[in-house]
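J.:
In our numbering, the protein residues as written are 1 to 169.
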């Protein structure tokens, strides 16, 4: 096992992370239990939830998915993470989260609900990238749709290259 793999395994254990359905690892760290639930088209939701989310060399892609809620991502440490977003108007946008803000990387990223999103760990010395996400209304798996490569490719043929790379098929 490489030193990076050992450190990544220790990080997963220390933060009590579990594999995430979209790829990477996560753990819910907060839900607004003390506040009134929010009514959404999908049902009652917490006002806000938050998670740790980790991409590693062995699980380096958060595959395309669509959430109904707004999400604010907060970069913590490790290597940069590249986000690929497909908006309802078919616009494709790529954003890099990381600590090098002078090079255009960002520490925070807001992704409104209804946007297809994928993430990918960029090459770097750490072998992992760690962020947090705050979700409002709170996250519920019923409000998330995983992107199918063929379906997304038919819907957005002009973005086939990133879809082929970042969607499950």
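We put the beta carbon where it would ideally sit given N, CA and C, even for glycine. Being a predicted model, the structure only gives us computed values, none of them experimental.
1) With the cut-off set at 8 Å, would you say residue 92 and residue 101 are in Cβ contact?
2) Are the beta-carbon atoms belonging to residue 28 and residue 16 less than 8 Å from one another?
3) So that I know if they touch, is there some Cβ in chain B lying closer than 8 Å to that of residue 161?
4) Would you call residue 120 buried or exposed, if buried means 16 or more other Cβ atoms sit within 10 Å of its Cβ?
5) If you draw a straight line from the alpha carbon of residue 76 to that of residue 169, how long is it in whole angstroms?
6) For residue 31, name the three-state secondary structure that DSSP assigns.
7) Quick check: the Cα distance between residue 167 and residue 139, rounded to an integer number of angstroms?
8) Have a look at the DSSP bridge pairing and note the partners of residue 134.
9) Are the beta-carbon atoms of residue 142 and residue 50 separated by less than 8 Å?
10) Excluding the 5 residues preceding and the 5 following residue 156 in the sequence, name in chain order all residues of the same chain whose CB lies nearer than 7 Å to its CB.
11) Could you work out which residue in 61, 57 and 42 is closest to residue 69 when comparing CA atoms only?
12) Using the C-alpha atoms, what's the distance from residue 103 back to residue 19?
T.: Let me lay it out:
1) Taking 8 Å as the cut-off, the beta carbon of residue 92 is found no closer than this to the beta carbon of residue 101.
2) Between residue 28 and residue 16, the gap from beta carbon to beta carbon reaches 8 Å or more.
3) Annotation note: the requested chain B is absent from the structure, which comprises a single protein chain.
4) Buried is the call here.
5) Roughly 30 Å separates the two Cα atoms.
6) Three-state result, residue 31: strand.
7) Cα to Cα, the separation comes out at about 21 Å.
8) Bridge partners of residue 134: 50 and 72.
9) The Cβ-Cβ distance between residue 142 and residue 50 does not fall below 8 Å.
10) Hits under 7 Å: 86, 90 and 163.
11) Among 61, 57 and 42, the Cα nearest to that of residue 69 is on 42.
12) So the two alpha carbons sit approximately 31 Å from each other.
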